[in-house]
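A.B. asks: Handing you this structure, nothing more for now.
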Amino acid sequence: MSLTMVVNNKHLHTRMTLAEQVASLRRTLHRFITRRLSKRTRRPFQQLLALKYIARQEARTQASLAERLMVDAPAASRLVDRLEDEGLVKRCAGVDRRCVRLEVTPASQEHLDVLSEAAEWVDVEASRHLSVTELSELKRLLEKVQTGMSQSLDASCSDTESLDKVE
């Protein structure tokens, strides 16, 4: 994708970086799914995502939920408070008593179903623009980039940790 920027009355053509393209697609997908969700629920998208992450055990603690949602710890705590007040989430004692484990309640299932249906609808809409082969290739490439970057990040964290021990 090419962007045209005007600087000092001169048109500059610049290409979006991969990160910019992914961010742009993420914003578009977010608009699609929130538009679809607005027809089925008044619950904010972020709360639905929190329920999904907790249900799938991708976020077992408030700290991991905050990281997953890209919010700070106090924001995650307030979000969990709201979900708990509405009977959708419960806080349970963890193995380490200092850490509270999060679990969804049966009452959350209706909301999880709404999110799942909306996500499937977005997948169908997105796949209308690609052939079966292109969609398969896109998924493969995205997974490859995700895996590679995660491994690089893990390696750089290990390098940083080992440097910290040396100092």
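Numbering-wise (my numbering), the sequence shown opens with residue 8 and increments by one.
Every residue gets a Cβ at the ideal spot worked out from N, C-alpha and C, and that includes glycine.
Can you find the residues in the same chain that come closer than 8 angstroms, C-beta to C-beta, to E91, ignoring five residues on each side of it along the sequence?
C.D. replies: Excluding sequence neighbours, E91 sits near K97, R98.
A.B. asks: Can F39 and E150 be called in contact, C-beta distance under 9 angstroms?
C.D. replies: No, the pair does not count as a contact, with Cβ atoms beyond the cut-off.
A.B. asks: Using the Cβ count rule (16 or more neighbours within 10 Å means buried), how would you classify Q158?
C.D. replies: With fewer than 16 other Cβ atoms within 10 Å, it is exposed.
A.B. asks: Beta-carbon separation of R50 and V152 under 9 angstroms?
C.D. replies: No.
A.B. asks: Checking 9 angstroms against the spacing of the C-beta atoms, do T41 and H118 come in under that value?
C.D. replies: Taking 9 angstroms as the Cβ cut-off, T41 and H118 do not qualify as a contacting pair.
A.B. asks: Would you list the residues sitting across from C106 in a DSSP beta bridge?
C.D. replies: Paired residues: none, contrary to the question.
A.B. asks: Contact defined as beta carbons within less than 8 angstroms: I believe L109 pairs with T140. What is the distance between those atoms, to the nearest angstrom?
C.D. replies: Actually they do not touch by this definition, with Cβ atoms about 40 angstroms apart.
A.B. asks: Considering only DSSP beta bridges, list what R98 is partnered with.
C.D. replies: Per DSSP, L109.
A.B. asks: Among V107, K59, V111, which residue has its Cα nearest to the Cα of E93?
C.D. replies: The option with the nearest alpha carbon to E93 is V111.
A.B. asks: Go ahead and pull the three-state DSSP assignment for T154.
C.D. replies: Note: T154 maps to helix in three-state DSSP.
A.B. asks: Can you have a look at K46 and say buried or exposed, based on whether 16 or more other CB atoms are within 10 angstroms of its CB?
C.D. replies: Per the 10 Å Cβ criterion, exposed.
A.B. asks: Identify every run of the beta strand (DSSP E) within the stretch 13-88, keeping only runs that are complete inside it and at least 3 residues long; order them along the chain.
C.D. replies: Whole beta strand (DSSP E) segments, 3+ residues: 17-22.
A.B. asks: Please report how far the alpha carbon of C23 lies from the alpha carbon of Q54, in whole angstroms.
C.D. replies: Per the sequence shown, residue 23 should be read as Met rather than Cys. Answer to the nearest angstrom: the Cα atoms are 31 angstroms apart.
A.B. asks: Can you tell me where the alpha helix (DSSP H) holding H136 begins and where it ends?
C.D. replies: Unbroken run through H136: none, as it is neither H nor E.
A.B. asks: Residues in the same chain with beta-carbon distance under 7 angstroms from L76, minus the five sequence neighbours each way, listed in chain order, please.
C.D. replies: Closer than 7 angstroms at the Cβ level, and outside the excluded window around L76, lie Q53, L56, A57, A83.
A.B. asks: Is the beta carbon of L137 within less than 8 angstroms of some heavy atom of the ligand MG?
C.D. replies: For the structure depicted, the ligand MG is absent and the ligand set is empty, with no information on it obtainable.
A.B. asks: Hey, out of R43, S134, R85, R135, whose CA is closest to E124's CA?
C.D. replies: Of the candidates R43, S134, R85, R135, the one whose C-alpha sits nearest the C-alpha of E124 is R43.
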